[in-house]
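A.B. asks: One structure follows; several queries about it will come next.
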Amino acid sequence: MSTHFLTIPGLASSGPNHWQTIWEEQYPDLFHRAEQVNWDWPVKDEWVPKLQETISRLTAPTILVAHSLGCITVAHWAQEFKSEFVKGALLVAPADADLSKRLNFVVGFKPVPVTRLPFKSIVVASTNDIYASIGRSEKFARDWGSEFINIGKKGHINAVSKLDDWHEGKEILQSLSGLNFSAIPVS
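Structure representation (structure tokens):
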């Protein structure tokens, strides 16, 4: 059975120029997006159950592909739930909910869980991410039992970073999933 991917965006979802959206458009049979109640007003007690609702419908081995607050959502989800279908997670630019200046509208995400994830995972971080220092990102990786990859100065690793379809990210995801994206025709 082929591996699938569930993208889990952060605050405001991922727009048309974000690598998550681009990957979903390139590989519509493999990538599907988790939806949320309100992308612009994140509430942990809404986001985590909504993610569980999506994960509970999985029928194939799946790698979670989270960005920003989506990474923190995955960490909270893993404390409450589990799924035999979740085989790993690519956690890109985890937002530091503990130190965020946006806490007035990011409800319930702190403290960031420090529990080891029950599946293989990779945290990818940038040295100039305004939403988490490289040190904090590395700490998240240690706490979660994740491999840690520092990709240098790439901002929040989002559309503003102008990564387009982010080839480096695909290579990292390939190392986690074993799927060779260059061998798959793009839609």
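Take the sequence shown: its letter number 77 is residue 102 in my numbering, and every next letter is one higher. We put the CB at the ideal spot given by N, CA and C, even for glycine.
State the DSSP-derived secondary structure class of residue 88, mapped to helix, strand or coil.
C.D. replies: Position 63 of the sequence shown, counted from the start, is the residue given in the question as residue 88. Here residue 88 sits in strand by DSSP.
A.B. asks: In three-state terms, what does DSSP make of residue 147?
C.D. replies: Counted from its first residue, the sequence shown places residue 147 at position 122. Residue state, collapsed to three classes: strand.
A.B. asks: Nearest-angstrom Cα distance between residue 102 and residue 45?
C.D. replies: For the purposes of this step, residue 102 is taken as the residue at position 77 of the sequence shown. For the purposes of this step, residue 45 is taken as the residue at position 20 of the sequence shown. So the alpha carbons of these two residues sit roughly 20 Å apart.
A.B. asks: Taking all protein chains shown into account, decide if residue 121 is buried (16 or more other Cβ within 10 angstroms of its Cβ) or exposed.
C.D. replies: By one-based count along the sequence shown, residue 121 stands at place 96. Label assigned to residue 121: buried.
A.B. asks: Classify residue 32 as helix, strand or coil using the three-state DSSP reduction.
C.D. replies: To locate residue 32, count along the sequence shown from 1; it is residue 7. Correct three-state label for residue 32: strand.
A.B. asks: Output yes or no for whether 8 Å exceeds the beta carbon distance between residue 148 and residue 134.
C.D. replies: Within the sequence shown, the letter at position 123 stands for residue 148. Within the sequence shown, the letter at position 109 stands for residue 134. It is not a contact, given that the beta carbons lie outside the stated cut-off.
A.B. asks: What are the boundary residues of the alpha helix (DSSP H) that residue 40 is part of?
C.D. replies: Position 15 of the sequence shown, counting from 1, holds the residue named residue 40. That residue, residue 40, is in no alpha helix (DSSP H); it is neither H nor E in DSSP.
A.B. asks: Between which two residues does the beta strand (DSSP E) harbouring residue 161 extend?
C.D. replies: Here the question's residue 161 lines up with position 136 in the sequence shown. Careful: residue 161 lies outside any beta strand (DSSP E), inside the alpha helix (DSSP H) at 159-169.
A.B. asks: Going by DSSP in three states, residue 173 sits in which element: helix, strand or coil?
C.D. replies: Along the sequence shown, one-based indexing puts residue 173 at 148. If DSSP states are grouped into helix, strand and coil, residue 173 belongs with the strands.
A.B. asks: Closer than 6 Å by C-beta to residue 79: which residues in its own chain qualify, once you throw out the five before and the five after it? Chain order, please.
C.D. replies: The residue given as residue 79 occupies position 54 in the sequence shown. Closer than 6 Å at the Cβ level, and outside the excluded window around residue 79, lie 59.
A.B. asks: Tell me, please, whether the region 99-115 touches the region 82-91 by the rule of three or more beta-carbon pairs shorter than 8 Å.
C.D. replies: yes
A.B. asks: Any contact of the region 172-187 with the region 31-51, i.e. 3+ C-beta pairs under 8 Å?
C.D. replies: yes
A.B. asks: Which one or two residues does DSSP pair with residue 142 in a beta bridge?
C.D. replies: The residue labelled residue 142 in the question sits at position 117 within the sequence shown. Partner(s): none; residue 142 has no beta bridge.
A.B. asks: DSSP three-state label for residue 1, please.
C.D. replies: Residue 1 lies beyond the stretch modelled for the chain, which goes from 26 to 212, so this question has no answer here.
A.B. asks: Rounded C-beta distance between residue 175 and residue 208? I'm assuming under 8 Å.
C.D. replies: Translated into positions along the sequence shown, residue 175 becomes position 150. Translated into positions along the sequence shown, residue 208 becomes position 183. Contact doesn't hold; Cβ gap of about 28 Å is too wide.
A.B. asks: With distances taken Cα to Cα, identify the nearest neighbour of residue 152 among 119, 104, 212, 83.
C.D. replies: The sequence position of residue 152 within the sequence shown is 127, counting from 1. In terms of CA proximity to residue 152, 119 leads the group 119, 104, 212, 83.
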